[in-house]
Amino acid sequence: MVEVHLWSGLRSLTGGQQVVEVEAKTTGELLRALVRAHPQLQAPIDAGVSIAIDGRVIASGLTEPIPEGSEIYLMQRLRGG
Numbered sequence: 082m083v084e085v086h087l088w089s090g091l092r093s094l095t096g097g098q099q100v101v102e103v104e105a106k107t108t109g110e111l112l113r114a115l116v117r118a119h120p121q122l123q124a125p126i127d128a129g130v131s132i133a134i135d136g137r138v139i140a141s142g143l144t145e146p147i148p149e150g151s152e153i154y155l156m157q158r159l160r161g162g
């Protein structure tokens, strides 16, 4: 199991939870597991998210491995302007 810290805008979609635990070994598995556990997260995930693993931002790619014990944050994808 990994703990995923959510940005504040998502907490209303997870019953107020700031941290969600899911079973995942890659970034793709993580996103699918989050949607299985909280289907309301599908739209924000489809709109674009970044995943920070131990301080390193993964903006794309669903095969990035998640090492055991990692600190994980789900964030809105940053867009340039």
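Note that this note's numbering has the sequence shown beginning at 82, numbered continuously upward.
Idealized CB from N, CA, C, for every residue including glycine.
Model, not experiment: these values are computed from the prediction.
Residue i bridges to which residues according to DSSP?
i	result
Ile126	Looking at the DSSP assignment, Ile126 forms no beta bridge with any residue, so it has no partner.
Arg137	Ile134
Thr95	DSSP, once it has assigned bridges, lists no residue as partnering Thr95.
Does the beta-carbon of residue i have 16 or more other beta-carbons within 10 angstroms, so that it is buried, or is it exposed?
i	result
Ala140	exposed
Val138	exposed
Can you check whether the CB of residue j is closer than 8 Å to the CB of residue i?
i	j	result
Leu94	Leu122	yes
Asp135	Glu152	yes
Ile132	Thr107	no
Grab me the residues of residue i's own chain with a C-beta within less than 8 Å of its C-beta, minus the 5 sequence neighbours each way, in chain order.
i	result
Leu115	Val85, Val101, Val103, Leu122, Ile126, Leu155
Gln98	Leu87, Arg92
For residue i, which residues of its own chain have a beta-carbon under 7 Å away from its beta-carbon, when the five flanking residues on both sides are left out?
i	result
Ala105	Val83, Leu111, Ala114, Ile147
Gln157	Trp88, Val130
Arg117	none
Taking CB distances under 8 Å as the criterion, tell me whether residue i reaches chain B.
i	result
Val83	In the structure shown, chain B cannot be found, because there is only a single protein chain.
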